[in-house]
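Counting with UniProt numbering, you get residues 1 to 653 for the letters of the sequence shown.
Below is one structure; the comments refer to it alone.
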Amino acid sequence: MAGDGHAGLRDGPRAQARFADPYGIAVDAAGVIYISDGGDSNRIRRLRPDGQVDSLSGGVEGFRDGPLAEAAFHTPSGLAVDAQGNLFVADTGNHAIRKISPQGQVSTVAGNGQPGFRDGPAEQARFNGPLGVAVGRDGSVYVADSYNDRIRVISPAGQVRTLAGSAWPGDQDGPGAKARFDTPTALVVDEQDRVWVLDSRNDAVRLVQPDGTVSTFVRGDDEDEDELLRRPLSLTRSHDGYLYVGVLRRGALLQIAPDGRVHRLSGGPQAHLSRPAALALTPRGELLVTDAASFRIHRLSWGQGEPEDASTAPRADVGPAPDLALPRTEGRWPLLPQHSWHEVVGTPGEVRGRRGGDARDHLHEGLDVKGDVGELVVAMADAKVSSPLANWAYGSNAEGLSLDRLAYIHIRVGRDKRGQLLNGRQFQLVLDAAGRPERIRVRRGTRFAAGDALGSINPMAHVHINLGTGGYHRNPLQLGFAGFSDQQPPLIEGIEVFDAAGRRLRQLEQGRLRLPADWRELQFVVDAWDQVDGNEERRRLGLHSLGYQLLHEDGRPVAGFEQPRMTLDFSRLPVDDRAVKQAYAARSGVTVHGSAFTRFRYQLGAQVRDGLSSPSALLDAPLPPGDYLLRVIARDQQGNEALLRRDLALRGR
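Put into structure tokens, the structure is as follows:
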């Protein structure tokens with residue numbers, strides 16, 4: 001509906017509009033769509049029925065009431081409109097709930113700008129990074145007080161009370177004061193004054209009765225890789241009791257029926273959202289979604305055909321713009337000294353397994369930089385935390401932190417090598433009931449400057465850097481690192497051919513591999529690897545791209561192969577979990593995940609590029625009998641091309 005996929009601030013026609021962090025969304029009775037735009041924008045934006053986007057209020061990060069042009073917000077998130085046309089804002093960075101009246105005045109409903117927890121009169125109440133807001137029939141305002149793990153209510157008389165939740169994050173049903181939530185991010189109120197809560201880190205939808213009693217309506221299985229309800233972020237509800245949920249884990253939109261059945265509406269490679277931050281239903285029943293990390297607003301219209309204004313509608317793009325500007329890292333590394341060389345030990349697209357499991361479990365999404373255990377990891381660029389679930393996996397080797405479009409993984413987030421907290425302003429230490437450290441929280445809206453300490457390297461002995469979010473990862477080498485160079489071409493160890501049953505073809509005729517008349521079922525496997533300058537000699541890295549060209553025996557290209565077919569390219573990785581087994585043949589793997597030695601065996605012809613993947617298919621149709629040469633092209637990210645020892649000589653019949 002709006003946004004061109006680039007981050008920024010631009011009003012005007014919806015197809016050209018730009019957002020910094022479009023998070024909350026709400027629709028009023030006149031069809032005006034309101035969007036809370038966080039990031040560096042800190043504004044409330046409007047998408048009017050005439051297709052124009054403008055800024056309603058805000059613009060400077062701060063905390064100020066008054067007329068629209070003078071008011072200030074800090075990382076606004078959830079939005080809700082009441083029957084009188086008042087717009088309520090969960091002002092996350094100010095730990096407050098704000099209101100924009102139809103007369104154009106901004107006021108603070110509750111919260112005093114300081115994080116904490118306190119019930120009572122609205123002007124004295126305290127919240128901790130509220131993300132979700134909803135309005136009940138009597139005008140009460142319900143708040144997902146996310147980092148307090150509570151559901152709060154602001155009465156029309158201005159009193160704040162806790163409806164459900166307790167002092168510690170957890171997962172427990174029961175009476176309101178004994179119930180526990182873990183980072184509730186969104187909520188809606190139904191006609192019976194029941195509150196439906198999206199309990200994000202519990203992968204659950206919870207139901208809170210008017211008396212505060214909590215039950216679990218539906219829950220995802222955190223151990224099931226195919227589970228749909230994984231890290232839900234956004235929620236809305238239809239008049240007939242259907243819930244709609246946006247999930248972070250797979251960028252999908254889900255529908256949950258009144259009986260609890262979960263159905264996926266969108267997702268997968270063709271419609272993968274980066275971060276579906278908020279949902280709303282229009283009076284026409286269309287589902288609106290903000291894709292915060294793609295800087296777009298989308299509409300799902302239930303097969304009703306083209307919109308009335310299809311001639312002027314934006315193209316049906318999903319995800320961030322392919323040429324989205326890179327973070328301004330200015331050559332910095334994630335380790336000190338930031339402008340000196342560090343060893344790269346892993347590149348995007350490499351095969352990865354799980355210890356004790358399949359060696360081809362997933363594709364490596366980022367760049368690994370070698371470091372000592374306990375070494376400080378530092379921010380590569382100025383950044384503001386946009387995700388409400390910015391860090392994860394406390395205490396495990398997979399622990400990590402996401403800052404805008406850069407993620408730092410395999411680190412003790414917010415702690416030094418002795419486990420001491422680095423910065424109490426940026427990192428919130430959560431204690432359990434016994435006073436022991438339970439986790440670190442990094443609130444949405446927290447700012448970091450380049451060079452700020454983020455944590456320390458855990459036993460994985462490297463820091464993993466991801467560039468991009470939610471299925472739109474790019475190669476971090478595009479950032480440019482001070483002192484990094486790669487003048488070494490990849491090496492092709494060999495090429496093997498297997499029949500449909502997996503048997504290797506070995507029969508030669510006059511030095512040529514004899515093939516059946518129809519080659520289309522054959523599997524061609526290329527054993528190849530790469531290095532970069534300065535790495536240890538034993539270090540093997542994966543390719544960036546792979547392709548092939550079919551030639552006649554005299555070197556002339558076969559028809560259709562005038563140019564090489566570059567079928568594998570890891571500039572942008574696919575979201576399909578099957579891609580790793582389409583790109584890599586058996587006996588691929590790396591030593592850190594249980595393989596005897598690092599080996600990259602690529603399936604030549606497999607289409608793995610531009611975020612999509614499909615199985616290996618070297619030929620489109622059978623070839624006439626004759627002698628051919630198969631030329632393999634292997635390149636690294638710097639454009640170095642493998643120096644082939646020989647082409648593979650083939651004889652077709």
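In this text, a Cβ means the ideal position worked out from N, Cα and C, and glycines have one as well.
- In this chain, the alpha helix (DSSP H) harbouring Lys581 covers Ala579 to Ala583.
- Sequence-distant Cβ neighbours of Leu265 in its own chain, meaning closer than 6 Å and more than five residues away, are Leu253 and Gln255.
- Under DSSP, Thr329 forms no beta bridge with any residue.
- Put simply, the backbone Cα of Pro459 is about 30 Å away from that of Tyr602.
- Spanning the alpha carbons of Leu467 and Val608 requires a straight line of approximately 18 Å.
- Residue environment for Ser485: exposed (fewer than 16 other C-beta atoms within 10 angstroms of its C-beta).
- Looking at the DSSP output, Gln549 bridges to Arg631.
- With a cutoff of 7 Å on beta-carbon distance, Glu350 and His364 are scored as near each other.
- Under the three-state reduction of DSSP output, Tyr472 falls in the coil class, being neither helix nor strand.
- Taking all protein chains in view, the Cβ of Glu536 is surrounded by fewer than 16 other Cβ atoms within 10 Å, so the residue is classified as exposed.
- DSSP places Arg150 inside the beta strand (DSSP E), whose first and last residues are Arg150 to Ile154.
- Partner residues in the beta bridge of Glu641, as assigned by DSSP, are Arg635.
- Pairing Arg230 with Val247 gives a Cβ-Cβ distance under 7 Å.
- Contact check for Thr92 against Gly129 passes: the beta carbons are separated by less than 7 Å.
- Here the alpha carbons of Asp173 and Arg126 stand approximately 24 Å from one another.
- Within its own chain, the residues whose Cβ lies closer than 6 Å to the Cβ of Phe498, once the five positions on either side in sequence are excluded, are Arg504 and Gln523, listed in chain order.
- In the structure shown, Gly542 adopts coil according to DSSP, grouped into three states.
- In this structure, DSSP gives Leu324 a state outside helix and strand, which the three-state scheme calls coil.
- Excluding five sequence positions before and after Arg556, none of the CB atoms of its chain fall closer than 8 Å to its own CB.
- The C-beta of Ser396 has fewer than 16 other C-beta atoms within 10 Å across all chains shown, which makes the residue exposed.
- Burial is judged here by how many other beta carbons sit within 10 angstroms of a residue's own beta carbon; Leu508 has fewer than 16 and is exposed.
- Contact annotation, Ile151 with Ala144: C-beta distance approximately 7 Å; criterion of less than 8 Å satisfied.
- DSSP places Gly129 in the coil class of the three-state scheme, outside both helix and strand.
- By the 16-neighbour rule on beta-carbons within 10 angstroms, Gln338 is buried.
- Assigned with DSSP and collapsed to three states, Gly451 falls in coil, not helix or strand.
- Distance between Leu56 and Arg201, taken at the CA atoms: about 33 Å.
- When the alpha-carbon of Gly319 is set against those of Ser340, Ser294, Leu477 and Ala325, the nearest one is in Ser294.
- Counting other Cβ atoms within 10 Å of its Cβ, Asn475 reaches 16 or more and is therefore classed as buried.
- The segment 446–454 and the segment 411–428 touch, with three or more beta-carbon pairs separated by less than 8 Å.
- Using a C-beta cut-off of 8 Å, the segment 324–335 makes no contact with the segment 277–284, since fewer than three inter-stretch Cβ pairs fall below that distance.
- In this structure, Ile100 places its C-beta atom within 7 Å of the C-beta atom of Val106.
- When rounded, the separation of the alpha-carbon atoms in Ala72 and Gln114 is 15 Å.
- Close CB contacts of Gln638 within its chain, under the 7 Å cut and outside five residues either way in sequence, are with Asp486 (chain order).
- Closest by C-alpha distance to Asp240, out of Ala257, Ser234 and Leu131, is Ala257.
- Annotated three-state conformation of Thr591 is helix, per DSSP.
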